[in-house]
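Visitor:
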Amino acid sequence: MGKQQITVLTGDRPTGKLHLGHFVGSIKNRVKLQNEADCSFYMIADVQALTDNANNPEKVRSNVLEVALDNLACGIDPNKTTMFIQSEIPEIAELTVFFLNLVTLARLKRNPTVKDEMKQKGYGEDVPAGFLVYPVSQAADILFCKSNLIPVGEDQLPVIEQVNEIVNDFNRIYGDTFEKVKHLVGDTPRLVGIDGGVKMGKSLNNAIYLSDSYEEIKKKVMNMYTDPKHIHVNDPGDVKNNVVFKYLDIFDDDKVEVAKLKEQYKKGGLGDVIIKKRLIEVLENLVAPIREKRENLAKNPEAVMKILEDGTVKARRIAKETMKEVKEKIKINYF
Ligand code: TRP
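Residues in the sequence shown are numbered consecutively from 2, following our numbering.
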């Protein structure tokens, strides 16, 4: 048997610009994997975005370009990664319908990712049905092109687990068709928000965006939570729950210097402004080239849309092949 093919697929909901949490949780892996995988897909999940934004189509529409720009600016290369738009592949919706028969309502309600998001949005029983079943449509996103490696943030792991249950059930009932999928989480699976909240999120108002200006980064870092007991420079300070040090641990390459600064901060004698200034420079060094590339790409939105259009044509071709096989397996290939 030959070496197993690696097909990568990942996606973003177009509901807002992407932030540093996306970068360390998934985008870095996406960029790396496009060079290593046999095949690589990036999907803009507009259908999924509409499951909780049905009354806000304008928001979803305008953010399609924004998330495409974010990914291109971070180094997704359309020559290596097929970039496409979910709603342009009707086979994904078709596959979702068949997968829905393999999943129970109880199982969907138990999915921790969905549960968390439902709580955050305050849905209760009045959850849109489309939202509740989005893990099933995500299985179709992943399987329509037979991808088997999914770079995602940690919050998505229960969704991937449910995708594998669908793979198992489908194969058992209709015969071997899909492979189990693996996830890949970045070395920082969950980035805390600038407010110290457990997660950076676009709806939580605690994010630093990949498109933020130097001034915005500066303002956000200067407002970061450090240690409320560290009032005078000479007071001993806490580095553990200190957001500035948490970020320095992740983003500052000079680990030796960060370790020194921590020691000094713990003993007392190191002011917040010094560590904040350091973090501003570290983040600016990371974001500046992304921001610059993004601004250049944004000058020509037609070219970006053309990349998505070309990618969609390619993805659609693959989707049709998979659907043919799926229909044969389900015995609904009539004519
Ligand atoms: N649910 C993902 C998120 O919110 C986005 C997404 C949609 C996705 N379809 C996907 C991610 C398929 C990986 C694979 O971030």
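Note that the Cβ used here is the ideal one computed from N, Cα and C, for glycine as well.
Classify C146 as helix, strand or coil using the three-state DSSP reduction.
Guide: Note: C146 maps to coil in three-state DSSP.
Visitor: Is the number of C-beta pairs between the region 205-212 and the region 4-20 that are closer than 8 Å three or more?
Guide: The region 205-212, when compared against the region 4-20, does touch it at the 8 Å Cβ threshold.
Visitor: Tell me whether M2 sits in a helix, a strand or coil according to DSSP, three-state version.
Guide: Because the pLDDT of M2 is 47, which lies under 50, any placement of that residue in the model is unreliable, and the question is left without a value.
Visitor: Thinking C-beta only, is F85 closer than 8 Å to L287?
Guide: Their beta carbons are not under 8 Å apart, which means L287 does not touch F85 by this criterion.
Visitor: Confirm the yes/no value for this check: CB of K187, any heavy atom of ligand 1, distance under 7 Å.
Guide: Reading off the sequence shown, one finds Gly at residue 187, where the question assumed Lys. No.
Visitor: Taking a contact to mean a Cβ-Cβ separation below 8 Å, would you say T227 touches D196 in this structure?
Guide: Contact flag unset, no.
Visitor: Report the three-state DSSP secondary structure of S41 (helix, strand or coil).
Guide: Looking at S41 - three-state DSSP - the assignment turns out to be strand.
Visitor: Just grab the DSSP bridge partners of T11 for me.
Guide: DSSP, once it has assigned bridges, lists Y43 as partnering T11.
Visitor: L271 CB to nearest chain B CB: under 8 Å?
Guide: Here chain B cannot be found, since the structure has a single protein chain.
Visitor: Less than 8 Å between the CB atoms is what I'm expecting for E95 and M306, so what's the real figure, rounded?
Guide: Their Cβ separation, rounded to whole angstroms, is 25 Å, which puts E95 and M306 out of contact at 8 Å.
Visitor: Express the C-alpha separation of K122 and L133 in angstroms, rounding to a whole number.
Guide: So the alpha carbons of these two residues sit roughly 12 Å apart.
Visitor: When we look at the beta-carbon of I174 and count the other beta-carbons within 10 Å, is it buried (16 or more) or exposed?
Guide: By the neighbour-count rule (16 or more Cβ atoms within 10 Å), I174 is not buried but exposed.
Visitor: Taking the alpha helix (DSSP H) that F336 belongs to, which residues open and close that run?
Guide: It is not in any alpha helix (DSSP H) - F336 carries neither H nor E in the DSSP assignment.
Visitor: Just tell me which of M223, V61, I276 and M201 has its CA closest to the CA of G238.
Guide: Ranking the options by Cα distance to G238, first place goes to I276.
Visitor: Taking just the CA atoms, how far does I333 sit from R191?
Guide: Going by the C-alpha atoms only, they are around 43 Å apart.
Visitor: Under 8 Å, with one C-beta from each stretch per pair, do the region 23-41 and the region 97-111 reach the 3-pair mark?
Guide: At 8 Å Cβ cutoff, the stretches do not touch.
Visitor: Check whether the region 234-254 and the region 293-300 are in contact - that is, three or more C-beta pairs closer than 8 Å.
Guide: Contact fails: fewer than three Cβ-Cβ distances are below 8 Å.
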